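Visitor: In the numbering used here, the protein residues as written are 55 to 181. We put the beta carbon where it would ideally sit given N, CA and C, even for glycine. From a predicted model like this one, the values you see are computed outputs, not experimental measurements.
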């Protein structure tokens with residue numbers, strides 16, 4: 055199995071509960087791990103798993119009518135899992151996190167790198 059990643063930022067269309075993202079059901083997708091951070095209308099999700107699973111989850115996300123936009127920041131093969139245990143780490147209002155996500159989504163200089171640095175802080179550290 056080729057281990058594949060997809061890192062994306064999405065923004066809700068703002069029409070109520072739609073587009074708030076879905077939590078990947080580990081019973082349906084047992085080989086998929088990653089993490090998700092939501093802040094206001096923005097969501098960033100890092101998914102990692104088999105190529106077919108990631109492609110199916112990507113298609114579901116891209117077809118979500120409640121999302122105003124989906125921006126891929128990184129994708130492709132990866133040597134090892136970054137988030138071997140599923141982590142829904144943060145959800146809520148945080149201006150700093152919103153700014154980091156918005157900079158990455160806008161393609162601002164250093165935006166993607168800043169987001170990756172923030173996400174690495176959520177990754178489990180070896181003992």
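For residue 135, which of helix, strand or coil comes out of DSSP?
Guide: coil
Visitor: Buried or exposed: residue 88, going by 16 or more other Cβ atoms within 10 Å of its Cβ?
Guide: Buried, by the Cβ-count rule.
Visitor: Expressed to the nearest angstrom, what Euclidean distance is found between the alpha-carbon atoms of residue 63 and residue 162?
Guide: 14 Å
Visitor: Measure the C-alpha to C-alpha separation of residue 160 and residue 101 and round it to an integer number of angstroms.
Guide: 21 Å
Visitor: Just to confirm, are residue 154 and residue 168 a CB contact at a threshold of 9 Å?
Guide: Yes, Cβ-Cβ distance for residue 154 and residue 168 is below 9 Å.
Visitor: Just the C-alpha distance for residue 166 and residue 125, rounded to the nearest angstrom, thanks.
Guide: 11 Å
Visitor: Between the alpha carbons of residue 109 and residue 69, how many angstroms are there, rounded?
Guide: Roughly 26 Å between the two C-alpha positions.
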